[in-house]
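Peer 1: Residue numbers (full-length UniProt numbering): 1 to 141. Here it is: the structure, laid out below.
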């Protein structure tokens, strides 16, 4: 039996250290893993799915009716991504016919406060953003 020494130990998997809100220069310090997760959780369809599932569990077609602009393909991909990240769970009932229901998980519910904070920011700064867009568009055209 061989002993494990520091020279023959496989390196630990690369896990990004927890990012600090900002570095000394005030720049955001966001790791690639964090950017990826934020992109998956805060994209347009994910936010809309979470909005509807926060109220109550829904079946796939219930979500399609609630979000008419989403395609079946996009909704399927969004639900799978949210399920993979532990934000949404898929529950299959044993009844006939088999029914699949999606519901937000306890982890998913923890997104409520930060998403509400982002929504409050958009409400507070919407006029400024609109004015900035108009200035930009006027300068470009």
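The beta carbon of each residue, even a glycine, is placed where N, CA and C say it ideally should be.
(1) Could you tell me the distance, in whole angstroms, from the CA atom of residue 71 to the CA atom of residue 89?
(2) Tell me the rounded alpha-carbon separation between residue 51 and residue 116.
(3) Between residue 40 and residue 96, is the Cβ-Cβ spacing less than 7 angstroms?
(4) Since residue 122 is in the beta strand (DSSP E), which residue starts that stretch and which ends it?
(5) Buried or exposed: residue 31, going by 16 or more other Cβ atoms within 10 Å of its Cβ?
(6) Helix, strand or coil: how does DSSP classify residue 78 here?
(7) Report the residue from 56, 55, 75, 54 whose alpha carbon sits nearest the alpha carbon of residue 64.
(8) Should residue 142 be labelled buried (16 or more other beta-carbon atoms within 10 Å of its own) or exposed?
(9) Can you have a look at residue 98 and say buried or exposed, based on whether 16 or more other CB atoms are within 10 angstroms of its CB?
(10) Roughly how many angstroms lie between the CA atoms of residue 101 and residue 131, to the nearest whole one?
(11) Note the first and the last residue of the continuous beta strand (DSSP E) segment covering residue 100.
(12) Any idea which residues DSSP pairs residue 93 with across the strands?
Peer 2: The short version:
(1) Translated into the one-based positions of the chain shown, residue 71 becomes position 71. Translated into the one-based positions of the chain shown, residue 89 becomes position 89. Approximately 20 angstroms, taken between the alpha carbons.
(2) The count along the chain shown starts at 1 and reaches residue 51 at position 51. The count along the chain shown starts at 1 and reaches residue 116 at position 116. Each residue's alpha carbon lies about 11 angstroms from the other.
(3) In the chain shown, the residue the question calls residue 40 occupies position 40. In the chain shown, the residue the question calls residue 96 occupies position 96. Cβ atoms of residue 40 and residue 96: not closer than 7 angstroms.
(4) Working through the chain shown from its first residue, we reach residue 122 at position 122. Premise fails: residue 122 lies in the alpha helix (DSSP H), 112-140, not in any beta strand (DSSP E).
(5) Here residue 31 refers to the residue found at position 31 when the chain shown is read from its first residue. Exposed, because fewer than 16 other Cβ atoms sit within 10 Å of the Cβ of residue 31.
(6) By one-based count along the chain shown, residue 78 stands at place 78. Correct three-state label for residue 78: helix.
(7) Here the question's residue 64 lines up with position 64 in the chain shown. Closest by alpha carbon: 75.
(8) What the structure shows of the chain is the stretch from 1 to 141, and residue 142 is not part of that stretch, so it cannot be assessed.
(9) The count along the chain shown starts at 1 and reaches residue 98 at position 98. With fewer than 16 Cβ atoms within 10 Å of its Cβ, residue 98 is classed as exposed.
(10) Within the chain shown, residue 101 is the residue found at index 101, counting from 1. Within the chain shown, residue 131 is the residue found at index 131, counting from 1. Rounded to whole angstroms, residue 101 to residue 131 spans 42 angstroms at the Cα level.
(11) Residue mapping note: residue 100 aligns to position 100 of the chain shown, counting from 1. Residues 99-104.
(12) Mapped onto the chain shown, residue 93 falls at position 93. The partner list for residue 93 (beta bridge, DSSP) reads 99.
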